[in-house]
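K.L.:
This is the structure I want to talk about, given as structure tokens.
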Amino acid sequence: MSDKKIIAVVGAAGAQGSGLVRAILNDKQGGYTARALSRKIDSDKAKALAQLGAELVAADLDNEDSLKKAFSGAHGVFVVTNFWEHFSAEKEVAQATHAAKAAKAAGVKHVIWSTLEDTRNWVPLSDNRMPLQGKYKVPHFDGKGEADKVFSDAGVPTTWLLTSFYWDNMIFFGMGPKKGPDGKLAIAFPTDDKKLPAIAVEDIGKCAYAIFKRGNEFIGKKIGISGEQLTGAQMAAKMTKALGREVVFNAVTPEAYRKFGFPGADDLGNMFQFKRDFNDYFCGARSVEFTRSLNPELLTFDAWLAKYKDKIPLE
Ligand SMILES: NC(=O)c1ccc[n+]([C@@H]2O[C@H](COP(=O)([O-])OP(=O)(O)OC[C@H]3O[C@@H](n4cnc5c(N)ncnc54)[C@H](OP(=O)(O)O)[C@@H]3O)[C@@H](O)[C@H]2O)c1
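This is the structure:
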């Protein structure tokens, strides 16, 4: 039997989790091995992880017993929930609670919870700057932030990992440049002249792996990561250079963004407004220098563009 420490990765077939699985498996001498958790272990994405050397285990965040079994014997557990599958912050809290309790029951030594801010601690529900989304301001942030405490309540050794906007959203999430009425390509974020901390999603997994490897150093701590912090205008200038086509920055208002009409536009409009209005806090909580100290391979936006620019849909 291998004496490598097992890291059980929730969301292993997804963007964050697959980066962690790959980081573990690429480090042959690192002393760790990856257990990839998925509800669909027969899917092509899951099978591709098995091909790389991951152990595949079926588990569902809605089923605590399945998590207990999947976490059994694991040294570490990475937990991410996917708001965009159901649009329910309550469900994210419930899923995180299942994961925290299961990790405690399985005697896991280190959990990394992939989290975001509960923006209601900055913008109380009574504050009219942003419209309410039920009992939330930014549901896909607030539920994760609310769930932070379920890990401490469960008494499981935890690192709370504040993630950042993925540049990969321009490939997979419809946030790439779009042709405006003037025929020019434009990226549109309601961030004015403020900086948007962002990251290549593959680097989230690399940072998570570094956190596990550094033992107890970050247990009990909340740490934030980003690859670079750029204004929309700076992003557009870098895209113009990389793509060889002019890209402009359209500084829409949060009000206009909320009305874009796609599912989640109201949530994301509030999210960008939060990042804009609390920019010093938001950027400061995600130091690039610290992130690079965790993961020296950290991509800048230029490096991310060089690697992925051909995958960005441009029409
Ligand atoms: N896009 C961004 O810029 C950004 C930035 C920061 C944070 N986030 C957050 O990242 C989260 C999504 O992570 P991602 O980008 O890695 O997602 P993703 O690529 O869409 O993958 C989602 C993963 O979650 C797993 N999953 C979902 N429901 C599950 C369940 N009930 N039980 C077990 N596994 C489940 C899926 O596993 P199977 O289908 O294989 O079971 C899948 O691997 C969202 O909550 C979002 O708020 C996004």
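Note that the sequence shown covers residues 11 to 325 in our numbering. Note that CB positions come from ideal geometry on N, CA and C, so glycine has one too. Since the model is a prediction, treat every value here as computed from it, not as a measurement.
(1) Between Ala-84 and Ser-76, what straight-line distance do the alpha-carbon atoms span, to the nearest angstrom?
(2) Could you spell out the range, first to last residue, of the alpha helix (DSSP H) harbouring Tyr-219?
(3) Examine ligand 1 and report whether any of its heavy atoms sits within less than 7 Å of the Cβ of His-150.
(4) Taking C-alpha atoms, which residue in Gly-184, Phe-97, Trp-170 lies nearest to Gly-149?
(5) Where in the segment 32-100 do unbroken runs of the alpha helix (DSSP H), each at least 4 residues long, occur, reported from the N-terminal end onward?
(6) Using the Cα positions of Lys-285 and Leu-142, report the straight-line distance between them to the nearest angstrom.
(7) Measure the alpha-carbon distance for Lys-147 versus Asn-131 and round it to whole angstroms.
(8) To the nearest angstrom, how far is it from the Cα of Asp-137 to the Cα of Asn-36?
(9) Pick out whichever of Ile-235, Thr-173, Asn-289, Leu-278 has its Cα sitting closest to the Cα of Ser-303.
(10) If Thr-173 sits next to Ile-214, beta carbons under 8 Å apart, how far is it from one beta carbon to the other, in whole angstroms?
(11) Rounded to the nearest angstrom, what separates Gly-41 and Lys-14 at their Cα positions?
(12) Using a 10 Å radius around the Cβ and a threshold of 16 neighbouring Cβ atoms, would you call Glu-238 buried or exposed?
(13) Can you tell me which of the three DSSP states Val-118 falls into?
(14) Go ahead and label Glu-325 buried or exposed: buried means 16 or more other beta carbons lie within 10 angstroms of its beta carbon, across all protein chains shown.
(15) Quick check on the burial criterion: 16 or more other C-beta atoms within 10 angstroms. Buried or exposed for Arg-45?
(16) On the DSSP letters alone, give me the boundaries of the beta strand (DSSP E) that Gln-143 sits inside.
(17) Where in the segment 243-271 do unbroken runs of the beta strand (DSSP E), each at least 3 residues long, occur, reported from the N-terminal end onward?
(18) Just tell me which of Gly-153, Gln-39, Asn-73, Ala-210 has its CA closest to the CA of Glu-307.
(19) Bridge partners for Ser-124 per DSSP, in chain order?
(20) Just how far apart, CA to CA, sit Arg-255 and Met-249?
P.N.:
From the atom records:
(1) When rounded, the distance between both Cα atoms is 14 Å.
(2) Start and end: 211-223.
(3) Relative to the non-hydrogen atoms of ligand 1, the Cβ of His-150 comes within a distance shorter than 7 Å of at least one.
(4) One point to set straight first is that residue 149 is Pro, not Gly, in the sequence displayed. The shortest C-alpha separation from Pro-149 is found at Phe-97.
(5) For the segment 32-100, whole alpha helix (DSSP H) runs of length 4 or above, ordered along the chain, are 54-62, 74-81, 93-96.
(6) Approximately 17 Å between the Cα atoms of the pair.
(7) Whole-angstrom Cα-Cα distance: 10 Å.
(8) One C-alpha to the other measures close to 47 Å.
(9) Nearest neighbour of Ser-303 by Cα position, chosen from Ile-235, Thr-173, Asn-289, Leu-278, turns out to be Ile-235.
(10) For Thr-173 against Ile-214, the beta-carbon gap comes to about 6 Å, under 8 Å, which counts as contact.
(11) The C-alpha of Gly-41 lies about 5 Å from the C-alpha of Lys-14.
(12) Counting Cβ neighbours within 10 Å, Glu-238 comes out buried, since at least 16 surround it.
(13) The three-state reading of DSSP puts Val-118 in coil, since its state is none of H, G, I, E or B.
(14) The residue in question, Glu-325, is exposed, as its Cβ has fewer than 16 Cβ neighbours within 10 Å.
(15) Arg-45 is buried by the Cβ-count criterion.
(16) Neither: Gln-143 is in no beta strand (DSSP E) and is coded neither H nor E.
(17) DSSP runs (the beta strand (DSSP E)) wholly in the segment 243-271: 257-260.
(18) Nearest option by C-alpha distance: Ala-210.
(19) Residue pairing from DSSP places Ser-124 in a beta bridge opposite Leu-171.
(20) Their backbone Cα atoms lie some 8 Å apart in a straight line.
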